[in-house]
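Taking it in order: structure first as structure tokens, then the write-up.
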Amino acid sequence: MKHLTRTLLGGLVAASLVASTAFSAGIDGAPAPFDKGDVDIAVVSFLGGGDWLQAFEAGVKRQADALHVNLTVSQARNDNDTQRSLIEQAINLGVDGIIINNGRPEVLKDVAQKALDAGIKVVAYDVNLDNPQIPQIEQSDKDMARLVLEQAVKDKGDGFVGGAVYVAGFAPLDRRYAVWKDFVAKHNLTEKANWGVVNDTVPASVADQTKAVLTANPDISVIFTPWDEFAKGVKLAIDELGVASKVKIYGVDISTADIQLMNEPDSAWQATAATNAAVVGEVSVRAVSLAIAGQFPGTSVLLQPTLVTHDDLAKGEIKTVEDLQEKFPAFRKSDAATAEWIPSATN
Amino acid sequence: MTIINSENQSPLSERISAAVRASAVFILLIVMVTGFALAQPAYINVTNLMSILQAVSVVAILGAGVTITLAVGGFDLSIGAVAASSVMAASYSMIVWGLGVYETVPLVLLFGALVGLVNAFLIVRLRVPDLLATLAMMFLLTGLQLIPTAGRSISAGLILPDGSTATGAYDPAFLLIGRSSFFGVVPAPVVIMALVAIVLFVLTERTRLGRLLFATGGNELATRLAGASVPRLKTLAYVLSGTLASLGGIIVAARVGRGDVSSGASLLMDSVAAALIGFAVLGLRCPNVFGTIVGAVFVGLLLNGLTMLNAPYYTQDFVKGAVLVGALALTYGLGRSQAR
Amino acid sequence: MPLLRIDGLAHAFGPTKALAGASLEIRSGEIVALMGANGAGKSTLVNVLAGTLAADHGTMTLAGRPYAPRSPAEATDAGVVTVHQSTERVGAPGLSVADALLLHAYADGSAPFFLSRSAVRRKAAAMLENAGFALPLDRDFAELTAADRQLVAIARALSRQASLLILDEPTASISGRESERLYTILRRLRDDGLAILFISHRIADLNALADRAVVMRGGTVVGEFARPIDFDRAVETMIGRPLRAARPDARSFQGAPVLELAGVQLVAGSTPFDLKLHPGEVVAVTGVLGAGKSRLLQTIFGMRHLAAGTMRLDGKAYIPATPADAIKAGIFMAGEDRHRSSLMPADWPGSNLAPTISLPHLPKWYPLGFLLGSRERYEAQRAIDTLGIKASGPEAPMTSLSGGNQQKVILGRWNAEPSRVLLLDEPFQGVDVGARHDIITAIRANTERATLIATSDPEEALEVADRILIIDHHTLTPAHHAELPAEAIEA
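The following block contains the structure:
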């Protein structure tokens, strides 16, 4: 009797899963294979969670729904080997396109090539796979860092004492940090300390580090956080130390949770620059769809960032990313990788 | 006082429950594979099955190491960290020292064996309880990885703490360990896993040494009184476990082609889960290499199927836990009736 | 009216009828001895009374009310307290002895939630005072010997308000002196109106305690003996065959000794002694708990080091550093408490009969390291045949064997290869009369090696040995066989 129950249960689980991957109809007037529908796209993310990934996946889903595309979404949860396995699995599934979201070039180059060899179109976001057949979707890290740091110099003037949270080896972080280094040289800033850690509990770990750093260096007045998870940790530390009036955060990236943090009265988080993660998701799906339809979107698909300050949020009574999209048109949409036959994503 | 059944005729119900216990995992396996294959035909094709085996190869190899330490009545919590630091060690040896595959592999295996030796020293000589000793080793290794590169990940063109740039690169021959396949079908890690499984199966089940390893875990005093050297057996178990973990690390390194700092916690958890599911595989209720490998493959089949059917990642840990709970409940729960 | 009346009790394990209509009465204020060979149904009866097994048929009444406990807790609540033979589970490693004594009070909530160390100690000390013996209250439970664990269990049982106390081999592993103390306590409890049912193989227990002996065989009660109890007849009823003269003829041995200890001090400061063992000779060492019986054997086996003196084996200096050295030199030992010292836990690899026998001989039997061939099975079958082990075969799990048969397997292990000296520490623990007889015969049949046996039971020593030595404060004094009434050794 025991296995009977189990068999039934197994069958039920399988059945319910089948139901969730329903087939979709095609779009009239679209190039093949979108005219017939039944296009499969796999999204393999390196990250395992966080606000950014949530927004990204929401954008992916919106655009995919608009295109009547079947999605398989998976996360490697910061594990290189798992990400490879997930891509291999997508190849085995025989999807039409794969979106690789973040990751390490060394880890992914050969599997990406394997996918291309299998006739699968690949686009990559924020990981340079260095392959002319793979469109690179990038947000301009340089521009993002430049926008916030210009704001910092505007607020504090040249020559302030600052620190940066930074972990080497992550390409976007490396690029953003390089801009900070330029600013240090150009605007005569003092970099008192740089710290950071990437693990399963980034904000908490960074908060602990930041407390130590701020205690040791009470003269730091600006902290540059090239990733919003870092900013959360630093904000936590500043609040716990009660030094929000003295130390300000200039960050990169944005999410609803980030907006709430910036919106807190006397928040230390002054400004951030970001592309809309949801838009990144939408653009990724559009880019891979163009590739599948044989309309190669080019090797580089660039997204322009927007500067968002504490005051902007307060003035516009912006509480969520959705509010932000209404207030900042540049934030709402990107005209990157579009075509007439691609319906725009609906919220 | 026990009742002797002179002809060993267990009653039918007992024999049935024993048979169910012995085959439950396999029945479940068949049901599961059939279910997934029906829902997603691509699941059952050879390439995908090989992908699954490849994905579980590292966990299975580490799980075999866990099994050996469980056999001597110990527990090695450091294997995940040994594997993770082996990835770093392999990357460092090739990228910073510019060594090739033939130097790197023995070096990394030696590193694993050495960690095992230190574990054994703590446990056998200093009598630190095994969980504490290997937990401490886990933290030590997680931190040690950061020191040579000042916390940076190791990839070609690494900037060293002294400001110079590393000139080496991953030896293409080394990458073959993780990325090549035999006859274009069987990935090299799967072959390595199979070899490890066979060697360790023979070692634990068919050799004197294996018998003594299990005897140590079953009853240390009895083993000592039978003339065996318990310290030597325990040392061997931890050295084996460390070496296997570093072999797992080599495979990971050869697959990913770079070194990222990691505590290896998920490797540890998955391999321990595999070893524990192994208790249930033949209904043996004790560590066994065959069961561990089956346990690892079982979890791999399940996770691959769930991913293919678009189950969100956060269900995966739950499913792993459910399998573990189910397996253990099945092994220990059935057969309770034959109370003595 | 009897306190407990058992009528037609039956229980079967599969096809095996462990109890087949057993009937029995016990009155308040009497001590009843339950006798029976292994497999007679004693333990099953006790388990039914204690609430760990449910009877298939039959009725029980306790003080006029129907009694059918569904759990040990129910039995205890009804006033039936059982002290089981295996005492490892009385406490747990990490608990102090005082905690172990009060464990049931913690569990049933009669102890206050917050405990101070001194309160725990005080209560535990009061329990021991009531029981009439001393235990180291602050020691870890795991460090206790089987004897001490038994004392914890008995003290705990005594502290409960029981109307019927059941003891399963209460003195099997405690020394003569402590047995005497226990007898006194049990007699006092009986005089206070307690009913006591105890299982024992020891004539000394029966002599000292039993008002009545009930003999079981084949799951039923086959005989009752009132005081004065004719033990020879009782034992014959129990094993179902006439008893051979239990006392063997002492043989005398001359010539070169196998093992010679000279000027030996087991611990620093103890009186030095000499010991010579001859081939074929069986020597028993007896003495109170802690006198050094086990230490003597462990020292010869290389587990401990001599404080002073020399050992010579076949005339050559013998200095074992580890048991491995001793085994290589031809000195074998079966330790005290076979579960602790010789057997694998249930279901663990190597817990079957054949691997149990082969464990020390693996290097010799499988020199290449691979377990190929049937040497192990062959040797196991040989042990089964020569020692009359009742088991389904070489693959039988050790847990399926009775205590006596398990002990035969241990003896079979050390008989499987020739040796110079065999050391046996309490080899008759939990062994019924029939199996004991077989084991003694097998021990005495070997003429190649010397056998040195440590036992706390003088009766056993008399039954097995050619020569008996008494150990006291870690030194040996000879006792002469002819003039050895049990009481003299105790003194």
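Chains as they are written, first to last, in the working numbering: chain E, 1 to 347; chain R, 1001 to 1340; chain S, 2001 to 2491. No residue lacks a Cβ here, since even glycine has one placed at the ideal position from N, Cα and C. Nothing here was measured: the structure is a model prediction, and the numbers come from that model.
Check, Outcome
"Candidates Phe-1183/R, Val-1191/R, Arg-1015/R, Met-1138/R, of which the one nearest Ala-1083/R by Cα", "Met-1138/R"
"Neighbourhood of Glu-2531/S by C-beta distance below 6 Å, restricted to the same chain and skipping five residues each side", "Because chain S spans 2001 through 2491 in this model, residue 2531/S falls outside it and cannot be assessed."
"Distance CB(Ala-2010/S)-CB(Gly-2079/S) smaller than 8 Å", "no"
"Contact set between the region 1032-1047 of chain R and chain E, restricted to residues whose Cβ is under 9 Å from the partner", "Met-1032, Thr-1034, Gly-1035, Phe-1036, Leu-1038, Ala-1039, Gln-1040, Ala-1042, Tyr-1043, Asn-1045, Thr-1047"
"Assigned secondary structure, Asp-2007/S (DSSP; H/G/I helix, E/B strand, else coil)", "strand"
"Chain B contacts from the region 1287-1307 of chain R (Cβ-Cβ distance under 7 Å)", "Within the model displayed, chain B is absent; protein chains E, R and S are what it includes."
"Assigned secondary structure, Lys-2276/S (DSSP; H/G/I helix, E/B strand, else coil)", "strand"
"Endpoints, alpha helix (DSSP H) assigned at Ser-74/E", "Counting along the chain, Ser-74/E falls outside any alpha helix (DSSP H), though it belongs to the beta strand (DSSP E) covering 69-75."
"Cross-chain neighbours of Glu-106/E in chain R, by beta carbon under 9 Å", "Ser-1155, Ala-1156, Tyr-1170, Val-1256, Gly-1257, Arg-1258"
"Contact with chain S by Ser-1214/R, beta-carbon distance below 8 Å", "Correcting the residue identity first, residue 1214/R is Phe in this sequence and not Ser. Closer than 8 Å: yes."
"Helix, strand or coil at Ala-22/E according to DSSP, with G and I counted as helix", "Note that Ala-22/E has pLDDT 44, beneath the 50 cutoff, so the model's placement of it is unreliable and the number below is only indicative. Note: Ala-22/E maps to coil in three-state DSSP."
"Closest by C-alpha distance to Ile-120/E, when choosing among Ala-278/E, Ser-245/E, Leu-290/E", "Leu-290/E"
"Near the ligand FMN: Ala-2204/S beta-carbon under 7 Å from a heavy atom", "As for the ligand FMN, it is missing from this structure, which has no ligand bound."
"Neighbour flag for Arg-84/E against chain R, beta carbons, 8 Å", "yes"
"Where Ala-2018/S falls: helix, strand or coil (DSSP)", "strand"
"DSSP three-state assignment for Phe-1111/R, whether helix, strand or coil", "helix"
"Residue-level contact to chain R via CB, Phe-2231/S, 8 Å cutoff", "no"
"Touching by the beta-carbon criterion (3+ pairs, under 8 Å), the region 2365-2383 of chain S and the region 2451-2464 of chain S", "no"
"8 Å contact criterion, which Val-279/E and Lys-333/E should meet: CB distance rounded", "7 Å"
"Arg-1211/R to Gln-54/E span [Cα, whole Å]", "52 Å"
"Rounded C-alpha distance that separates Val-234/E from Met-2344/S", "56 Å"
"Backbone secondary structure at Ala-2195/S - three-state DSSP", "strand"
"Element boundaries [beta strand (DSSP E), containing Leu-1122/R]", "From DSSP, Leu-1122/R is part of no beta strand (DSSP E); its letter is neither H nor E."
"Beta strand (DSSP E) segments (min. 3 residues) lying fully within the region 2345-2426 of chain S", "2421-2425"
"One or two residues paired with His-2474/S in a DSSP bridge", "Answer by DSSP bridge pairing: none, since His-2474/S is not bridged."
"Neighbour flag for Leu-2313/S against chain R, beta carbons, 8 Å", "no"
"Boundaries (first-last residue) of the alpha helix (DSSP H) holding Trp-52/E", "51-66"
"Leu-214/E beta carbon less than 8 Å from that of Val-167/E", "no"
"Classification of Gln-2429/S by the beta-carbon crowding that lies within 10 angstroms, buried from 16 upward", "buried"
"Per-residue burial, Leu-1330/R [other beta carbons within 10 Å of its own, 16 or more giving buried]", "buried"
"Member of Ala-152/E, Asp-79/E, Trp-195/E, Ser-74/E whose CA lies at the smallest distance from the CA of Ala-271/E", "Ala-152/E"
"CB contact below 8 Å: Gln-113/E versus chain R", "no"
"Where Ala-1039/R falls, given that 16 or more other Cβ within 10 Å makes a residue buried", "buried"
"Stretch-stretch touch, CB-based, cutoff 8 Å, three pairs: the region 1105-1121 of chain R with the region 1054-1063 of chain R", "no"
"Below-8 Å beta-carbon distance, Val-1323/R vs any chain E residue", "no"
"Cβ shell of Val-1101/R (< 7 Å), same chain only, five flanking positions each side left out", "Asp-1171, Ala-1173, Phe-1174"
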